[in-house]
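**Student:**
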Amino acid sequence: MSLRTQLILSHTLPLLVLIPVLGVLLLYIIETQVLLDNLAEDLASEASVLATIASQQRAVFLDKGTAEFFARAAGEQYDHNVALFQGDGLEWMVLVGQNAPDPPQPTKAELAALEQGKVQKRIVFSLIPSQEDAEALAPVLNAQQRLVGIVRVTEHVDRLNARLTEMRLLILGATFLALLVAIFIGALLATREAQRLNAVTAAVTQVAEGRAPPTNVQKMPREFRPTFTAVNDLQERLRESEQARKRLLANLVHELGRPLAALQAAIHALQQGAVQDTALRQELLQGMDAQVERLKPLLDNLASLHGELSGAFDLHRAPVDLNEWLPKAMITWRHAAEAKKIYWNEAIAPNLPKVNMDADRMAQVIGNLLSNAIKYTPEGGMVTLSAGQRNHEVWIAVEDNGIGIPPEEQAHIFDPLFRGSLAQSGGTNRFPQGMGLGLAIARDLVIAHGGGIEVESEVGKGSRFVVTLPVS
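Right, here's the structure in full:
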């Protein structure tokens, strides 16, 4: 069964059950509460009129022939059965009854009401429709307002069959028409819902095929808008992921190409006889070793990226005394700065608390920050490594007075594979080399330790990166 058929049934099935039931109930109410009540009211009016006429013709209850003539004439005029009762007190007899030789006697309650001048109505139900009657009893009072006779007007309910049949057909037709309208509306609503669901399916299919989904969600119902928004967000994330993959491949080819090309050139030189020249051979071997050393950070970043994608970093934590660890871990970067003729400054607060961390991983984080600071600070500049304690955390800052980072790029420098544009001063690219993974991996490592990393920078004045770690 298709979704459209199920939606049509869900819209119309309750009505298919409810409308016929309401039709039958309405027919029953009309028959019992409207038609029969109206008939009884008509009979009561006729009986009241006949009782008034009979009270003015005293011979009606004195002469049987007169009574028969009165009843026959009244019955022909109103086309109903007319009977007359005569008696005194509780003893009443049928004086005459047209087409009703033995009509039922009035009850005690009815006699009490009739003696007060009240017209009585009643409907006699029966399992046999032809024996169901509607009747009215009207009192005939004398000058002393004493009950001297009763006029009874009766009609068989089966005489209403023509009107009841017409009413049944009318209600049946209205019910059938309502069902058709319900089915039409249900089909229309189901078709609209199916079209909307098909639109969602088409949007997801477009995303799967690499095409842009519809962006105008305002025409959709409120319940469908979050779905379309989510599909659009998914498409945007997939697009960004595809671009990141392409950048990763391009950067990987670029970063591997240079050291591999240098290694290949050195190997060719050795094969062509450079191996015989001791000095040249040593120079080539040193160059090859330097190229291999350049590959190590790249491989470390790729290994860290793999660890991040697999769900978690493998951290080996232990209590670390920062006052002892920081100077030892950063000594190689101090020599690198001095080799580039950059002033090195340390401002590490004494008596720093121990921090529960992975010393090697955190050395990778601070080393990445120092490497960037040295790389993008010109000769004669300054790189400062500082540390201190604030509340329940320690902070380690790396500051330089290099080219800085443009404000619009500061929010993206921790994104994987992001490489900044040209700086506004110096004409040097802030991130001309590398794969754009160092800062992203540094941030994730710091977060894995339960800390955070922030940056403050101004183009032409330098940058300051601050790493915060919780105290053990």
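Whatever position you read off the sequence shown (first residue = 1), add 1 for the numbering used here. All C-beta atoms in this analysis are idealised placements derived from N, C-alpha and C, irrespective of residue type, glycine included.
1) Check K109 in the structure and name its three-state DSSP category.
2) Give the straight-line distance between the Cα atoms of T469 and A319, rounded to the nearest whole angstrom.
3) Are the CB atoms of E69 and A137 nearer to each other than 9 Å?
4) Please report the distance separating the alpha-carbon of G461 from that of D315.
5) Touching or not, the segment 228 to 247 and the segment 265 to 282, by the rule of three or more beta carbon pairs under 8 Å?
6) If you drop the 5 nearest sequence neighbours on each side, which residues of the same chain put their C-beta closer than 7 Å to that of A179?
7) Would you mind reading off the limits of the beta strand (DSSP E) that contains F466?
8) Give the straight-line distance between the Cα atoms of I184 and N199, rounded to the nearest whole angstrom.
9) Per DSSP, M383 forms a beta bridge with which residues?
10) Exposed or buried, which one is E400 when buried takes at least 16 other CB atoms within 10 Å?
11) Assign K247 to one of two classes, buried (16 or more other C-beta atoms within 10 Å of its C-beta) or exposed (fewer than that).
12) Cβ of T176 within 9 Å of Cβ of L44?
13) Using the beta-carbon count (16 or more within 10 Å), is Y377 buried or exposed?
14) Count the other C-beta atoms from every protein chain shown that fall within 10 angstroms of the C-beta of L227, then say buried if there are 16 or more, exposed otherwise.
15) Any idea what DSSP makes of T192, helix, strand or coil?
16) Quick check: what's the CA-CA separation for Q57 versus L115?
17) Taking all protein chains shown into account, decide if S11 is buried (16 or more other Cβ within 10 angstroms of its Cβ) or exposed.
18) Can you tell me which of V366, M358 and L36 puts its alpha carbon nearest to the alpha carbon of D445?
19) Below 8 Å on the Cβ atoms is my guess for A60 versus T67; work out the distance and round it to an integer in Å.
20) Select from L26, A139 and W326 the residue whose C-alpha is nearest the C-alpha of G150.
21) Spell out the partners DSSP gives N199 in its beta bridges.
22) Restricting to Cα atoms, I'd like to know which of F415, T6, A449 and D416 is closest to T192.
23) Consult DSSP for Q390 and reduce its assignment to one of helix, strand or coil.
24) Less than 9 Å separating the beta-carbons of W334 and G368?
25) Does DSSP classify R318 as helix, strand or coil?
26) If G453 and V447 are in contact, beta carbons under 8 Å, what's the gap, nearest whole angstrom?
27) Taking the beta carbon of L495 as the centre, do at least 16 other beta carbons fall within 10 Å, making it buried, or is it exposed?
28) Thinking L28 and A135 are a contact (beta carbons under 8 Å), I'd like their distance in whole angstroms, please.
29) Determine the extent of the alpha helix (DSSP H) in which M363 is found, giving its start and end residues.
30) Helix, strand or coil for E455? Go by DSSP, reduced to three states.
31) I believe L142 touches G118 by the beta-carbon criterion, under 8 Å. Please report the beta-carbon distance rounded to the nearest angstrom.
32) At the level of alpha carbons, what is the spacing between S426 and E459?
33) Hey, quick one: how far does the beta strand (DSSP E) through R153 stretch, first residue to last?
34) Would you mind sorting Q273 into buried or exposed? The rule is 16 or more other CB atoms within 10 Å of its CB.
35) Helix or strand or just coil, what does DSSP make of G118?
36) Please report the straight-line C-alpha distance between E347 and Q411, rounded to a whole angstrom.
**Tutor:** Here's the rundown:
1) Note: K109 maps to helix in three-state DSSP.
2) One C-alpha to the other measures close to 17 Å.
3) No, Cβ-Cβ distance for E69 and A137 is not below 9 Å.
4) When rounded, the distance between both Cα atoms is 38 Å.
5) Contact between the segment 228 to 247 and the segment 265 to 282 is not established, with fewer than three Cβ pairs separated by less than 8 Å.
6) I20.
7) F466 -> beta strand (DSSP E) spans G463 to P471.
8) Between I184 and N199, the alpha-carbon positions lie close to 22 Å from each other.
9) For M383, which the question treats as bridged, DSSP gives the partners Y344.
10) Its Cβ being crowded by 16 or more others within 10 Å, E400 is buried.
11) When all chains shown are included, K247 counts as exposed.
12) Contact flag unset, no.
13) Buried, because 16 or more other Cβ atoms sit within 10 Å of the Cβ of Y377.
14) Sequence inspection shows Pro at residue 227; the Leu mentioned does not correspond to that position. With fewer than 16 Cβ atoms within 10 Å of its Cβ, P227 is classed as exposed.
15) Helix, per DSSP.
16) As the crow flies, the alpha-carbon of Q57 is around 18 Å from that of L115.
17) Exposed is the call here.
18) The shortest C-alpha separation from D445 is found at V366.
19) With a contact defined as Cβ atoms closer than 8 Å, A60 and T67 qualify at about 5 Å.
20) Cα-wise, what sits closest to G150 is A139.
21) Under the DSSP definition of a beta bridge, N199 lacks any partner.
22) The closest CA to that of T192, considering only F415, T6, A449 and D416, is found on T6.
23) Here Q390 sits in strand by DSSP.
24) Result yes, Cβ atoms of W334 and G368 sit closer than 9 Å.
25) In the three-state reduction of the DSSP assignment, R318 falls in the coil class, being assigned neither a helical nor a strand state.
26) In this structure, G453 and V447 form a Cβ contact; the two beta carbons are roughly 6 Å apart against a cut-off of 8 Å.
27) Nothing can be reported for residue 495: it is not among the residues displayed for the chain, which extend from 2 to 473.
28) The distance from the Cβ of L28 to that of A135 is about 18 Å, inconsistent with a contact at the 8 Å cut-off.
29) A360 to K376 is the span of the alpha helix (DSSP H), which, as asked, contains M363.
30) Three-state result, E455: strand.
31) Between L142 and G118 the beta-carbon gap is near 6 Å, inside 8 Å, which marks them as a contact.
32) With a pLDDT of 39 at S426, under the threshold of 50, the predicted position of this residue should be treated as unreliable, and no value is reported.
33) Going by DSSP, R153 is part of the beta strand (DSSP E) stretching over L148 to H157.
34) By the neighbour-count criterion, in which a residue is buried when 16 or more other Cβ atoms sit within 10 angstroms of its Cβ, Q273 is exposed.
35) The answer is coil: DSSP assigns G118 none of H, G, I, E or B.
36) Taking the CA atoms as reference points, E347 sits about 25 Å from Q411.
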